[in-house]
Amino acid sequence: MLRVLAPCRLMTVEPDAVILQRGEINDALYVILDGALRVLLDASDPELFIPIEAGQCVGDMSILEKSPVSAQVIAEQKSTLLILPEEHFWRYVMTVPMVARNLMRALSARVRKQDAQLLAKREQEMKLRQYERELGTARQIQASVLPTVFPCLAQWPTLRVKARMEPAREVGGDLYDLFALDEERMFFVIGDVSGKGAPAALFMMRAVTLFRTAARTHMTPMQMMQWVSDQLRKQNAAYLFITAICGVYYPRSGAMELANAGHLSPLLKDADGDVRYVEMEPGSLAGILPNAEFSTVRLTLKPGETMALYTDGVTEGMDPEGALFGEEHLQRTARITEGNAPEALLERIYGELADYTQFAVQTDDITMVAIQRAE
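Count along the sequence shown from 1, then add 26; that gives the number in the working numbering.
Spelled out as structure tokens, the structure:
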């Protein structure tokens with residue numbers, strides 16, 4: 027035993043100290059006398075590791091295979107190590123059958139554990155890639171439901187419209203639509219489904235279809251909202267709901283009637299640059315309560331006036347400290363926008379919001395629709 031221990035040396039390491047570095051040449055066996063180490067299987071994933079406790083060793087594989095170190099080894103906590111040179115490892119350790127057998131068993135168990143962890147990681151990565159592909163498909167389907175061009179613009183020379191949605195990373199439930207009902211009337215809607223993921227996206231597509239169906243009848247906006255809400259309540263096991271504003275607009279006269287189901291009040295900017303919010307009660311949420319009551323309002327867009335509808339992804343955007351963008355900031359941004367053109371207004375608001383959030387990862391869809399009665 028003295029011959030074995032004579033050339034060995036003790037080493038004390040602090041937490042996070044590197045014992046072995048991937049790719050380096052190793053010429054010693056490290057036996058943990060006290061403390062604990064961890065073998066990092068993937069440099070990019072610190073959570074993928076094998077714990078090495080007192081009584082176990084590291085460095086054996088690189089010595090046995092005469093190859094560079096295959097994984098980084100760091101101290102989990104303050105540890106004491108016995109370092110046995112490679113020459114003495116072969117002369118005094120591997121020549122003792124029982125010691126060699128126990129060492130090989132421990133090494134085999136560690137390799138099996140490593141293989142199992144790497145296999146689990148690969149399976150997780152494959153599932154993640156599959157999820158990302160499905161998410162991309164869901165986004166495409168969601169986007170295909172919402173219009174990007176508005177043929178009704180050709181019917182009314184004084185009508186200007188712009189819509190924009192910036193989807194969050196996860197599929198959400200924002201919606202909008204806008205189309206002509208006849209030669210005199212135009213329908214529009216904007217909404218936000220509760221929740222995230224596939225259930226919210228499916229609920230959104232269902233809501234869009236229902237609004238389109240309701241709009242092509244002779245219902246008032248209030249009746250449309252009530253009918254859509256009642257239909258959404260059916261087969262709603264997930265108890266999702268929607269906030270929305272729908273309306274009918276008469277482009278020739280500027281007259282408009284709105285119905286509100288718990289949604290944020292639209293913003294109005296007149297030809298003189300004055301900006302205010304439409305005064306209306308939020309009303310009930312749609313899709314939850316039977317015979318729900320929704321608020322309504324009638325107004326007239328004056329020549330040059332623009333109305334902007336938006337979802338809470340705008341006002342609830344957060345800066346790095348967690349402060350909300352807010353309605354006052356939105357109103358101030360609209361006020362300093364040059365002109366009332368829908369394109370300019372939405373571009374300025376989206377730009378201001380991006381600067382405010384410092385391009386942080388979106389947690390919610392950001393959707394806006396602007397309607398102008400041009401002069």
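Glycine residues also receive a C-beta, built at the ideal position from the N, C-alpha and C atoms. If you're wondering where the values come from, they're calculated on a predicted model, not measured in any experiment.
Given a cut-off of 8 Å on the beta-carbon distance, is the pair Cys83 and Tyr56 in contact?
yes
How many Å lie between Arg259 and Gly313 at the Cα?
5 Å
Is the number of C-beta pairs between the region 85-93 and the region 59-69 that are closer than 8 Å three or more?
no
Assuming Gly217 is part of the beta strand (DSSP E), what are its boundary residues?
212-219
Taking the DSSP output, what are the residues bridged to Thr269?
Asp218
So what's Arg374 in DSSP terms, helix, strand or just coil?
helix
Just list the residues that DSSP pairs Gln384 with in beta bridges.
Looking at the DSSP assignment, Gln384 forms no beta bridge with any residue, so it has no partner.
Looking at the structure shown, is Cys34 part of a helix, part of a strand, or coil, going by DSSP?
coil
In chain order, each beta strand (DSSP E) run of at least 3 residues that lies wholly inside the region 277-355:
281-287, 293-295, 301-303, 321-326, 332-336
Applying the 10 Å Cβ sphere with the 16-neighbour rule, what's the burial state of Val175?
exposed
Expected contact under 8 Å - CB spacing of Val215 and Gly199 to nearest Å
That pair is no contact at about 13 Å.
Using only alpha-carbon positions, find the residue among Ala287, Leu294, Ser279, Pro368 that is nearest to Ala270.
Ala287
For Gly339, which residues from the same chain have a beta carbon less than 6 Å from its beta carbon, with the 5 sequence-adjacent residues on both sides left out?
Asp390, Asp391, Ile392
At which residue ranges does the region 89-115 contain complete beta strand (DSSP E) runs of 3 or more residues, listed in the order of the chain?
98-101, 105-111
Thinking just about the alpha-carbon of each residue, which of Ile51, Gly49, Ile100 is nearest to the one in Ala43?
Ile100
Using the three-state DSSP reduction, which class does Thr174 fall into: helix, strand or coil?
coil
Determine the contact status of Glu112 and Ala69, defining contact as a CB-CB distance below 8 Å.
no
Given this structure, state the Cα-to-Cα distance separating Val323 from Cys272, to the nearest angstrom.
11 Å
Across which residues does DSSP place Thr393 in a beta bridge pair?
Met191
Which residues does DSSP list as the beta-bridge partners of Gln398?
Arg186, Thr332
Taking 8 Å as the threshold, find out whether the region 222-230 comes into contact with the region 274-291 through three or more Cβ pairs.
no
So is Gly81 buried or exposed if we call it buried at 16+ other beta carbons inside 10 Å?
exposed
I believe Ala318 touches Ile268 by the beta-carbon criterion, under 8 Å. Please report the beta-carbon distance rounded to the nearest angstrom.
Contact flag wrong, Cβ pair sits at about 11 Å.
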